[in-house]
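S.K.: In this note's numbering, the protein residues as written are 4 to 373.
#1: Report the partner residues of residue 30 according to the DSSP bridge assignment.
#2: Indicate the three-state DSSP secondary structure (helix, strand or coil) for residue 87 in the structure shown.
#3: Tell me whether residue 338 is buried or exposed, calling it buried when 16 or more other Cβ atoms sit within 10 Å of its Cβ.
#4: Rounding to the nearest angstrom, what Cα-Cα distance links residue 57 and residue 276 in this structure?
#5: Using a Cβ distance threshold of 8 Å, determine whether the segment 236-255 contacts the segment 291-304, with at least three qualifying pairs required.
#6: Taking 8 Å as the cut-off, decide whether the C-beta atoms of residue 179 and residue 334 are in contact.
#7: Let me know if residue 10 comes out buried or exposed under the rule of 16 or more other beta-carbons within 10 Å of its beta-carbon.
#8: Does DSSP classify residue 130 as helix, strand or coil?
#9: Grouping DSSP H, G and I as helix and E and B as strand, with all else coil, what is residue 242?
#10: Relative to the C-alpha of residue 278, which residue among 168, 210, 344 and 295 is closest?
#11: Which residue marks the beginning of the alpha helix (DSSP H) containing residue 275, and which one marks its end?
#12: Quick check on the burial criterion: 16 or more other C-beta atoms within 10 angstroms. Buried or exposed for residue 150?
#13: So, helix, strand or coil for residue 307, using DSSP?
#14: Tell me the rounded alpha-carbon separation between residue 107 and residue 154.
#15: Do you know offhand how far residue 296's Cα is from residue 240's?
#16: Which residues in the same chain have their Cβ closer than 7 Å to the Cβ of residue 47, if we skip the five residues on either side of it in sequence?
#17: From residue 358 to residue 212, what distance separates their C-alpha atoms?
#18: Just the Cα atoms here: how many angstroms apart are residue 215 and residue 195?
#19: Buried or exposed, going by whether 16 or more other CB atoms sit within 10 Å of the CB of residue 132?
#20: Determine the contact status of residue 199 and residue 350, defining contact as a CB-CB distance below 8 Å.
#21: By DSSP's criteria, residue 257 is part of a beta bridge. Which residues make up the other side?
#22: Could you work out which residue in 248, 306, 253 and 35 is closest to residue 262 when comparing CA atoms only?
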């Protein structure tokens, strides 16, 4: 056996959910550009789960279910009130999602219909959990979800208690579409490994959240915002980035392990960043970001990935930096659960081998002789 570091280039399974071929991302064969420009997040979730775009009646039914399931058990709210106020937001989300299984009578029901219901429940409840945690840690009461509005609208409303603008809702909705699935990424692989043992869907999603928590997967958009805060102003961009490049420091939000000619999702987030900045009357974050892109792409040939403009989009929406990755989880939950359903459908336990590099012919030495 010969090991491949990070399983790079290893084809671990087959999937019909999403593909990255020649730098083009598709969900169920539909180009991400078409979906980003035309589809709502709810349409995309339906597409990922059921393999086709919904009819109007199917979409109406999904929206109804998302509204009905959006409230979370009061016990989860009380539990979150006991979390330390400085808890890591992804750790809080991981704990709350694991706890949700305790209050779902179908948690261990492995029938297909029950698992679909659980996927929809989790999609509805994740935004409620995150918004509630955000408010609780600030000493505010959680806001109950509304009926008859989109996932993006509901999340922004529950976060602030104010009705979001159409531009804000459209921007977040499009961001959710762009992050919904990404082939066999690390968190999706974690989810599939977990449920391949025939563990439940909550365990699979909890594993995925734990994987997404790592800075090499879900935390890059937060790191981009840290960089923008360090730079501080448009005038400081060039000296800051030039010094980083001269020191051969990594610039967060650039390059991608899969995309060699640029991340196809980045251009949509760039446009969103500009539109939100115009609406808010403050384009500084957008202008700083485009200046950074100009310098890094011009000098290193690296292009921005999906995380780069996410930072300015979410910040302009008034979202705290440590909620960026939980928002990623709201979106990617649709992909995780689609992959979980696919794994259950044609399951085999995922059990790779390891190339052994330890000592050979070692002998047991009695404790008195050691």
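All C-beta atoms in this analysis are idealised placements derived from N, C-alpha and C, irrespective of residue type, glycine included.
M.R.: According to the data block:
#1: Along the chain shown, read from residue 1 onward, the residue named residue 30 stands at position 27. In the DSSP output, where bridge partners are listed per residue, residue 30 has 21 and 33.
#2: Stepping through the chain shown from its first residue, residue 87 is reached at position 84. Correct three-state label for residue 87: coil.
#3: Along the chain shown, one-based indexing puts residue 338 at 335. Under this definition residue 338 is a buried residue.
#4: Against the chain shown, residue 57 aligns to sequence position 54. Against the chain shown, residue 276 aligns to sequence position 273. Near 29 Å, if we compare the C-alpha coordinates of residue 276 and residue 57.
#5: yes
#6: Indexing the chain shown from 1 puts residue 179 at position 176. Indexing the chain shown from 1 puts residue 334 at position 331. It is a contact, given that the beta carbons lie within the stated cut-off.
#7: The residue you call residue 10 lines up with position 7 of the chain shown. Exposed, because fewer than 16 other Cβ atoms sit within 10 Å of the Cβ of residue 10.
#8: Position 127 of the chain shown, counted from the start, is the residue given in the question as residue 130. Three-state DSSP puts residue 130 in a helix.
#9: To locate residue 242, count along the chain shown from 1; it is residue 239. Residue 242 falls in the helix class under three-state DSSP.
#10: Counting from 1 along the chain shown, the entry for residue 278 is found at position 275. With distances taken between Cα atoms, residue 278 lies closest to 168.
#11: On the chain shown, position 272 is the one that residue 275 refers to. Start and end: 269-283.
#12: Numbered from its first residue, the chain shown carries residue 150 at position 147. Residue 150 should be labelled exposed.
#13: Working through the chain shown from its first residue, we reach residue 307 at position 304. In the structure shown, residue 307 sits in a strand (DSSP, three-state: E or B).
#14: For this step, residue 107 is matched to residue 104 along the chain shown. For this step, residue 154 is matched to residue 151 along the chain shown. Approximately 21 Å, taken between the alpha carbons.
#15: As a working mapping, residue 296 is identified with position 293 in the chain shown. As a working mapping, residue 240 is identified with position 237 in the chain shown. Each residue's alpha carbon lies about 10 Å from the other.
#16: Taking the chain shown and counting its residues from 1, one reaches residue 47 at position 44. If we look at residue 47 and ignore the five residues flanking it on each side, its Cβ neighbours are 30, 38, 180, 183 and 337.
#17: As a working note, residue 358 is residue 355 in the chain shown. As a working note, residue 212 is residue 209 in the chain shown. Rounded to whole angstroms, residue 358 to residue 212 spans 28 Å at the Cα level.
#18: In the chain shown, counting from the first residue as 1, residue 215 sits at position 212. In the chain shown, counting from the first residue as 1, residue 195 sits at position 192. Near 14 Å, if we compare the C-alpha coordinates of residue 195 and residue 215.
#19: Against the chain shown, residue 132 aligns to sequence position 129. Counting Cβ neighbours within 10 Å, residue 132 comes out buried, since at least 16 surround it.
#20: For this step, residue 199 is matched to residue 196 along the chain shown. For this step, residue 350 is matched to residue 347 along the chain shown. Yes.
#21: The residue labelled residue 257 in the question sits at position 254 within the chain shown. Residue 257 pairs with 307.
#22: Against the chain shown, residue 262 aligns to sequence position 259. Among 248, 306, 253 and 35, the Cα nearest to that of residue 262 belongs to 306.
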